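Protein chains in written order, with my numbering: chain Y, 8 to 88; chain V, 1192 to 1466.
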């Protein structure tokens, strides 16, 4: 695989991971976490672990984002810290 | 407090990076895992189980006991959401809203009052948004295909990536999509709370029951080759069929758990309105 693509995805993984922790808006954090999961899915499929990538795409990027959004919807959208 | 947490995180991260340097390089053919463990599965999984995708045979057969408890963990997660939200917080709401379809007038009813049964009134959420024809129709068209794809993923896990977990999540997501695009009550009509709560342990029981059946037939727990005498096939094909039975159990358990968790979280245990 091209190392440039690898590097770009790895950088974006770190950026989305840190951003989902730092962002004050919890809905934004949930969406960023979904983006992080999807980038991890791309990384798994680059490494040839298609089963793991499939699980990451369906569970991590799909359903768990919905759960996060539902939880944010039922609690509060802003963090206290 | 935040700074202490940051310092601890950075130190732990530094240790992790330091420890990761000792790992064998990625795809190193001389690493311990690649010298004797992986080649065994790659060479023998077709011989042992006649399953071309050896990830599936590894998950459901070679380490089937582990996967059984993974399914139990998922079931426990659903159960915990149910106990925390539904049992402790699931009270009748104080007010409920109805909308007169023809005029658009909204009626707010206090607890205990009822509206006469008629076609003119529809129950609406507290935060009501006008129904969007494009989203509703689009999702309604998509859902059967999503479900078909989920069934395909479960059934085709033997020879392509996928299996019970992924297929179950996709099937659950199709019902969640219905709940998001319409409302929670529509999804609950299709998949009632009782059905979800009964199907979830049934899925786990299918997995454990397949293992127990092998035990009854006189071999080890989850050794599917014993199913040969029941299914009238040779032991290798029996292991393939055993994996398929287990995958169905996992699929049912995961699908219902996803719906269960979503229903409880999105309605805060009240089951009256969703997102």
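C-beta: ideal position from N, C-alpha, C; glycine also. It should be emphasised that the depicted structure is a prediction, and the values quoted were computed from it without experimental measurement.
Beta-bridge analysis with DSSP links residue 1298/V to 1289/V.
Residue 85/Y has 32/Y as its beta-bridge partners, per DSSP. Counting along the chain, residue 1315/V sits inside the beta strand (DSSP E) bounded by residues 1312-1315. The Cβ atoms of residue 1450/V and residue 1387/V lie closer than 8 Å to each other. Apart from sequence neighbours up to five positions away, the residues of its chain that approach residue 1285/V with a beta-carbon distance below 6 Å are 1302, ordered along the chain.
In the three-state scheme derived from DSSP, where H, G and I count as helix and E and B as strand, residue 1374/V is classed as coil.
Membership of residue 1457/V in the alpha helix (DSSP H) is indicated by the continuous run 1426-1457. By the C-beta criterion, the segment 1288-1306 of chain V is judged not to be in contact with the segment 1342-1356 of chain V, since fewer than 3 inter-stretch pairs fall below 8 Å.
Within 10 angstroms of the beta-carbon of residue 1236/V lie 16 or more other beta-carbons, which makes it buried.
The residues 1370, 1374, 1375, 1457 and 1458, in chain order, have a CB closer than 7 Å to that of residue 1465/V in the same chain once the five nearest residues on each side in sequence are set aside. Excluding residues up to 5 positions away in sequence, nothing lies with its Cβ nearer than 6 Å to the Cβ of residue 1335/V in the same chain. The straight-line gap separating the alpha-carbon atoms of residue 1277/V and residue 1341/V is approximately 28 Å. Around the Cβ of residue 1320/V, a 10 Å sphere holds fewer than 16 other Cβ atoms; the residue is exposed. In the DSSP assignment, residue 1235/V falls within the alpha helix (DSSP H) that extends over 1229-1240. By the Cβ criterion, the segment 1430-1438 of chain V is not in contact with the segment 1377-1395 of chain V, since fewer than three pairs of Cβ atoms, one from each stretch, lie closer than 8 Å.
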